[in-house]
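Colleague: The numbers in UniProt numbering rise by one with no breaks, and the one at position 64 of the sequence shown is 64.
Glycine included, C-beta positions come from ideal geometry on N, C-alpha and C.
Predicted model, so just to flag it, every value in this text is computed and none were measured.
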Amino acid sequence: MSSDRNPLRLGSIAPDFEAETTKGHIKFHDFIGNSWVILFSHPADFTPVCTTELGVVARLQPKFDERNVKVIGLSANGLESHQEWIKDINEVNDVDLKFPIIADADRKISTLYDMLDYQDLTNLDAKGIPFTVRSVFIIDPKKTIRLTLSYPASTGRNFDEILRVVDSLQLGDKNRITTPANWKHGEKVIVHPSVTNEEAATLFPGFKTVKPYLRFATLPGTQPATI
Ligand code: BEZ
Numbered sequence: 001m002s003s004d005r006n007p008l009r010l011g012s013i014a015p016d017f018e019a020e021t022t023k024g025h026i027k028f029h030d031f032i033g034n035s036w037v038i039l040f041s042h043p044a045d046f047t048p049v050c051t052t053e054l055g056v057v058a059r060l061q062p063k064f065d066e067r068n069v070k071v072i073g074l075s076a077n078g079l080e081s082h083q084e085w086i087k088d089i090n091e092v093n094d095v096d097l098k099f100p101i102i103a104d105a106d107r108k109i110s111t112l113y114d115m116l117d118y119q120d121l122t123n124l125d126a127k128g129i130p131f132t133v134r135s136v137f138i139i140d141p142k143k144t145i146r147l148t149l150s151y152p153a154s155t156g157r158n159f160d161e162i163l164r165v166v167d168s169l170q171l172g173d174k175n176r177i178t179t180p181a182n183w184k185h186g187e188k189v190i191v192h193p194s195v196t197n198e199e200a201a202t203l204f205p206g207f208k209t210v211k212p213y214l215r216f217a218t219l220p221g222t223q224p225a226t227i
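(1) If you draw a straight line from the alpha carbon of LYS98 to that of PRO152, how long is it in whole angstroms?
(2) Could you tell me which residues DSSP puts in a beta bridge with PRO130?
(3) Quick one: grab the DSSP three-state call for PRO224.
(4) Between the stretch 130-145 and the stretch 39-51, are three or more C-beta pairs nearer than 8 Å?
(5) In its own chain, which residues sit with a C-beta less than 6 Å from the C-beta of ASP104, not counting the 5 before and 5 after it?
(6) Does the distance from the CB of THR21 to the CB of ILE86 come in under 8 Å?
(7) Whose CA, out of ILE162, ASP114 and THR47, lies closest to the CA of TRP36?
(8) Quick one: what's GLU20 bridged to in DSSP?
(9) Taking C-beta to C-beta, are ILE190 and ARG215 nearer than 8 Å?
(10) Keeping to the same chain, check which residues put their C-beta closer than 7 Å to that of ASN175; ignore five residues upstream and five downstream.
(11) Let me make sure I understand the geometry here. Which of LEU79, ILE138 and TYR118 has the alpha-carbon closest to that of PRO100?
(12) Below 8 Å on the Cβ atoms is my contact criterion, and I expect LEU171 with ILE138 to pass it. Report the Cβ-Cβ distance as a whole number of Å.
Written out as structure tokens, the structure is:
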């Protein structure tokens, strides 16, 4: 890999770091282990949209567990603030938030992951330093970045969509397929363009050719998702 390559591009190894989190000290690559990871930042503790987002993520915890996904949040505040805020998140959303949240008051990790807000001049701390935007990184067990997203501070994310991408990536890693627009787990997939018709006949019996470059298949044993 050339040294000037953006280390946050799809296909790059997620930069390693050490951090204090609400669940203790971590080394990020050790934390990933053999799991998939969703690393996501939000602007700040005790803010309204973030409070709803973290409640949604906490409620989705069983869906992440089913998919071997570890979730880890980050905001540019300290541990004590995070711990107090988690009490509010649990109360307001009637959840029991279990995933770690990184304390990044000095913005070391948010700088490493290019999460700081240079657009919204109201998304600043008391000293006028930018808070984080709503970044998402999906990282696979090889520590490779598979998805990046950046949402503005004012827009809460759709975490069902993030789970949908995990499903697509995990299925695509196991089968030579891609997934169409608005696809959901259990629906028809697309035969990967690199698969010949001869291979497709073996891999995807009964596949349907709409155009030579657009062939649909049903994967045996895929269960409709319970999102
Ligand atoms: C919020 O979470 O509501 C929020 C945070 C920072 C800027 C704007 C909105």
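Modeller: Well, looking at it:
(1) The sequence position of residue 98 within the sequence shown is 98, counting from 1. The sequence position of residue 152 within the sequence shown is 152, counting from 1. In a straight line, the C-alpha of LYS98 is about 25 Å away from that of PRO152.
(2) The count along the sequence shown starts at 1 and reaches residue 130 at position 130. Partner(s): LEU124.
(3) Mapped onto the sequence shown, residue 224 falls at position 224. Unreliable placement is indicated for PRO224, whose pLDDT of 46 sits below 50; the coordinate value is still reported in the next sentence. Reduced to three states, the DSSP call for PRO224 is coil.
(4) yes
(5) The residue labelled residue 104 in the question sits at position 104 within the sequence shown. Around ASP104: LEU74, ALA76 and SER110.
(6) Residue mapping note: residue 21 aligns to position 21 of the sequence shown, counting from 1. Residue mapping note: residue 86 aligns to position 86 of the sequence shown, counting from 1. Their beta carbons are not under 8 Å apart, which means THR21 does not touch ILE86 by this criterion.
(7) Position 36 of the sequence shown, counted from the start, is the residue given in the question as residue 36. The option with the nearest alpha carbon to TRP36 is ILE162.
(8) One-based indexing of the sequence shown puts residue 20 at position 20. DSSP, once it has assigned bridges, lists HIS25 as partnering GLU20.
(9) Translated into the one-based positions of the sequence shown, residue 190 becomes position 190. Translated into the one-based positions of the sequence shown, residue 215 becomes position 215. Yes; because the gap between Cβ atoms is below 8 Å, this pair is in contact.
(10) One-based indexing of the sequence shown puts residue 175 at position 175. Excluding positions up to five away in sequence, the list reads LEU219.
(11) On the sequence shown, residue 100 is found 100 positions in, with the first residue counted as 1. Of the listed residues, the one whose Cα sits closest to PRO100 is LEU79.
(12) Here residue 171 corresponds to residue number 171 of the sequence shown, with the count starting at 1. Here residue 138 corresponds to residue number 138 of the sequence shown, with the count starting at 1. Between ILE138 and LEU171 the Cβ distance is about 14 Å, and since that is not below 8 Å, they are no contact.
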